[in-house]
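Shown next, in structure tokens, is the structure this report addresses.
2 protein chains.
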Amino acid sequence: MATSSAPAGACDDRKSVYLAACPCREMLDLLANKWSALTLGALEDGPQRFGALRARLQGVSPKVLTQTLRRLEEHGLVHREVFAEVPPRVEYSLTELGADACVPLAHLRSWVEQNIDRFP
Amino acid sequence: MATSSAPAGACDDRKSVYLAACPCREMLDLLANKWSALTLGALEDGPQRFGALRARLQGVSPKVLTQTLRRLEEHGLVHREVFAEVPPRVEYSLTELGADACVPLAHLRSWVEQNIDRFP
DNA sequence: GGTCATGGTATCCGTCGGGTACCAATGGTC
DNA sequence: GACCATTGGTACCCGACGGATACCATGACC
Numbered sequence: 013m014a015t016s017s018a019p020a021g022a023c024d025d026r027k028s029v030y031l032a033a034c035p036c037r038e039m040l041d042l043l044a045n046k047w048s049a050l051t052l053g054a055l056e057d058g059p060q061r062f063g064a065l066r067a068r069l070q071g072v073s074p075k076v077l078t079q080t081l082r083r084l085e086e087h088g089l090v091h092r093e094v095f096a097e098v099p100p101r102v103e104y105s106l107t108e109l110g111a112d113a114c115v116p117l118a119h120l121r122s123w124v125e126q127n128i129d130r131f132p
Numbered sequence: 013m014a015t016s017s018a019p020a021g022a023c024d025d026r027k028s029v030y031l032a033a034c035p036c037r038e039m040l041d042l043l044a045n046k047w048s049a050l051t052l053g054a055l056e057d058g059p060q061r062f063g064a065l066r067a068r069l070q071g072v073s074p075k076v077l078t079q080t081l082r083r084l085e086e087h088g089l090v091h092r093e094v095f096a097e098v099p100p101r102v103e104y105s106l107t108e109l110g111a112d113a114c115v116p117l118a119h120l121r122s123w124v125e126q127n128i129d130r131f132p
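Next comes the structure, spelled out in structure tokens:
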């Protein structure tokens, strides 16, 4: 629907992260982010609780982790499930879209780890 | 590999983006960044001048572009060449390392552009 | 009653992104 | 000679954001 009504030649028929007004720019900003890349990667192993994520993403503060997870949830990359227990239990998992997004992010992470010695 | 003492199966904990103290974390922070990803991608077409980059990366301010380029240069991803002319001419180009880093970043950018319609 | 665990939130602060204005240097123009 | 245009920035200012710490609510457990 969004694509069919766009006339040929219009600015939005060619999605590009290089266009400031394109939604792609916002998505790139979300994914091209340290904590997002790490969070999505951590969730590749399966659903995880807040505390477990916090332990895996060394150095992340609870506030920032919450913000990151909420932002990913808001954009449909992560699913948040709250269990009515005490102490509270919250599980985060990848959506289908999130799992797909993990592919390029995993490439980026592994490229960094494999080429870190080349950096000055 | 530089750290060849790690036995198979044993994770080389010294090279992981999930360790706060690992230099990988810093590199991920540099690459997993909106403007870095866009700048490196723009330079894939060949050396470009400051003004041309500024035009391609719609919405970037000169200060932020300068900061991004300087940071990329500092980490050996971008080469900066100043020509003693008036008006001044400065050309930015990818180093070999920068060109390699473009591969996973290009995947990320194209994934975003191809999947933008799936986002809520 | 006191303590612990969990998943956050409230608050504060420093840093940083980001925008705008402006500059240096010189060749060209009038 | 005076003035302007061009290019690649820098100076300055501001708001937003990242991030650390403190704290909370709740019930099980000692």
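Taken in order, these protein sequences are the chains called X and V.
Positions 13 to 132 (the numbering used here) are the ones given, in order, by the first sequence.
Positions 13 to 132 (the numbering used here) are the ones given, in order, by the second sequence.
For every residue, glycine included, the Cβ atom is placed at its ideal position computed from N, Cα and C.
Which residue from the options puts its Cα closest to that of residue i?
i: V:C34; options: X:L120, X:Q70 and X:W123; result: X:Q70
i: V:V102; options: V:A49, V:R82 and V:E38; result: V:R82
According to DSSP, simplified to helix, strand and coil, what is residue i?
i: X:F95; result: strand
i: V:V102; result: strand
i: X:R26; result: coil
i: X:V90; result: strand
i: X:G53; result: helix
i: V:P59; result: coil
i: V:V76; result: helix
i: X:L81; result: helix
For residue i, count the other beta carbons within 10 Å of its own beta carbon; 16 or more makes it buried, fewer makes it exposed. Which is it?
i: V:N63; result: Note on residue identity: the sequence assigns Gly, not Asn, to residue 63 of chain V. It counts as exposed.
i: V:G58; result: exposed
i: X:V124; result: buried
i: V:Q60; result: buried
i: V:S73; result: exposed
i: X:T15; result: For X:T15, the predicted structure reports a pLDDT of 37, less than 50, and the residue's modelled location is therefore unreliable. A value from the coordinates is still provided. By the neighbour-count rule (16 or more Cβ atoms within 10 Å), X:T15 is not buried but exposed.
i: V:P99; result: exposed
i: V:R37; result: buried
i: X:K75; result: exposed
i: X:V94; result: exposed
i: X:V115; result: exposed
Since residue i is in the alpha helix (DSSP H), which residue starts that stretch and which ends it?
i: X:D38; result: The question names Asp, but residue 38 of chain X is Glu in the sequence shown. Per DSSP, X:E38 belongs to the alpha helix (DSSP H) from P35 to L43.
i: V:G133; result: Summary: the structure shown does not reach residue 133 of chain V, with chain V confined to residues 13 through 132, and so no result is reported for it.
i: X:R68; result: F62 to R68
Write down the C-beta distance between residue i and residue j rounded to the nearest angstrom, noting that I regard them as a contact closer than 8 Å.
i: V:N127; j: X:A44; result: Rounded, the Cβ-Cβ distance is 14 Å, inconsistent with contact.
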